[in-house]
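Here the protein sequences come in this chain order: A and B. Numbering-wise, the first sequence is residues 1 to 161 according to the UniProt record's numbering. Numbering-wise, the second sequence is residues 1 to 161 according to the UniProt record's numbering. Built from N, CA and C at the ideal position, the CB exists for glycine as well. Written out below as structure tokens is the structure these notes cover.
2 protein chains.
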Amino acid sequence: MMIEIERKFLVKSSDFKTGSYQQTRIIQGFLNTDPERTVRVRINGKHAFITIKGISSKNGLSRFEWEKEIPVVEAEVLLDLCEPGKIEKVRYLVKNDNHTFEVDEFFGKNLGLIIAEIELNKEDEIFVKPSWLGEEVTGDVRYYNSQLSKDPYINWKKDLE
Amino acid sequence: MMIEIERKFLVKSSDFKTGSYQQTRIIQGFLNTDPERTVRVRINGKHAFITIKGISSKNGLSRFEWEKEIPVVEAEVLLDLCEPGKIEKVRYLVKNDNHTFEVDEFFGKNLGLIIAEIELNKEDEIFVKPSWLGEEVTGDVRYYNSQLSKDPYINWKKDLE
Numbered sequence: 001m002m003i004e005i006e007r008k009f010l011v012k013s014s015d016f017k018t019g020s021y022q023q024t025r026i027i028q029g030f031l032n033t034d035p036e037r038t039v040r041v042r043i044n045g046k047h048a049f050i051t052i053k054g055i056s057s058k059n060g061l062s063r064f065e066w067e068k069e070i071p072v073v074e075a076e077v078l079l080d081l082c083e084p085g086k087i088e089k090v091r092y093l094v095k096n097d098n099h100t101f102e103v104d105e106f107f108g109k110n111l112g113l114i115i116a117e118i119e120l121n122k123e124d125e126i127f128v129k130p131s132w133l134g135e136e137v138t139g140d141v142r143y144y145n146s147q148l149s150k151d152p153y154i155n156w157k158k159d160l161e
Numbered sequence: 001m002m003i004e005i006e007r008k009f010l011v012k013s014s015d016f017k018t019g020s021y022q023q024t025r026i027i028q029g030f031l032n033t034d035p036e037r038t039v040r041v042r043i044n045g046k047h048a049f050i051t052i053k054g055i056s057s058k059n060g061l062s063r064f065e066w067e068k069e070i071p072v073v074e075a076e077v078l079l080d081l082c083e084p085g086k087i088e089k090v091r092y093l094v095k096n097d098n099h100t101f102e103v104d105e106f107f108g109k110n111l112g113l114i115i116a117e118i119e120l121n122k123e124d125e126i127f128v129k130p131s132w133l134g135e136e137v138t139g140d141v142r143y144y145n146s147q148l149s150k151d152p153y154i155n156w157k158k159d160l161e
């Protein structure tokens, strides 16, 4: 149970992969996609979690998060109960200077979307931007995984061009 | 993680209280009230739980249920995240012949409503009906706690008269 502070960026090249020290396949669904009370079921390699998130702070940087590890077999059953629109992605961990980026490469209806997140200890914490880091999308609800499950990237990527 | 088989009845007198061997105050809220994927946070005396339920079987008797105990302090924070409309009730355990009834006396906007539930091992299991047991409401979505939180008894009890 904590407040999570993170910033989120689009990724403009796959150069991040060379610096990645861990890759995990993630499949996740949502028992509620309401940004005020998101309930997520995630299978992350050999582990599974149920995660509840509240609404973001006004600047989009901080968000209440509660998480419990649960058995993978239970997560599989709960995934069947989730709203339509599972998210499939590979998460790359990429060390950059003193920070670690979590870079998510999406598949399925979100193919083509790559998002990097960095977790910070305070909102104004300084960090080094790697060359592959693109536009910041912190607080942009379209890029919430809960929203991508309902309204995937394939539906609106043309509007960005 | 289980399939719960239960039957639900209205209660027509407070005679059940004399046979009750345990009473617990319950406060609960919902992170999702959708009957297909209900997510409930409950504080039950000194214990707290997060419970996820699926849709009922066609006859309303069986329902998938997954439950985890969580610390009460975490449940208190999660209750704040829930949809408006907390449920407050006292649960009485009442032994009757070979079965135990859970009788919920509601407060707040559901004042006046008393519901008895009996959990069965199989759908056609026979049980003795106590004198205070009223009309069966198994499968009637209005009496789901998730629905009572959104559309409480005070709103529609006049329609029953």
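- Remark: C-beta atoms of residue 88(A) and residue 106(A) approach each other more closely than 9 Å.
- Beta-carbon to beta-carbon, residue 63(B) and residue 4(B) are separated by about 5 Å, close enough to satisfy the 8 Å threshold.
- In this structure, the beta-carbon distance from residue 150(B) to residue 67(B) does not fall below 9 Å.
- Burial state of residue 81(B) is buried, judged by a 10 Å Cβ sphere holding 16 or more other Cβ atoms.
- Cβ-Cβ distances below 6 Å link residue 7(B) to 118 and 138 in the same chain, with the five nearest sequence neighbours on each side left out; the list follows chain order.
- When secondary structure is reduced to three states using DSSP, residue 153(A) falls in the helix class.
- Our two residues, residue 76(B) and residue 17(B), have alpha carbons roughly 29 Å apart in a direct line.
- Residue 25(A) sits exposed, since fewer than 16 C-beta atoms from the chains shown fall within 10 Å of its C-beta.
- Around the beta carbon of residue 104(A), 16 or more other beta carbons sit within 10 angstroms, so the residue counts as buried.
- The beta-carbon separation of residue 51(A) and residue 69(A), rounded to 10 Å, does not stay under the 8 Å limit for a contact.
- Shown here, residue 40(A) sits in a strand according to DSSP, grouped into three states.
- For the region 57–68 of chain B, the set of positions with a beta-carbon nearer than 9 Å to some beta-carbon of chain A reads 64, 66 and 68 in chain order.
- When secondary structure is reduced to three states using DSSP, residue 96(B) falls in the strand class.
- When the beta-carbon positions are compared, residue 39(A) and residue 49(A) stay at least 9 Å from each other.
- Nearest in C-alpha terms to residue 116(A), of all of 155(A), 152(A), 59(A) and 144(A), is 144(A).
- Residue pairing from DSSP places residue 50(A) in a beta bridge opposite 41(A) and 68(A).
- Per DSSP, residue 33(B) lies in no beta strand (DSSP E) and is assigned neither H nor E.
- Bridge partners of residue 119(B) according to DSSP: 6(B).
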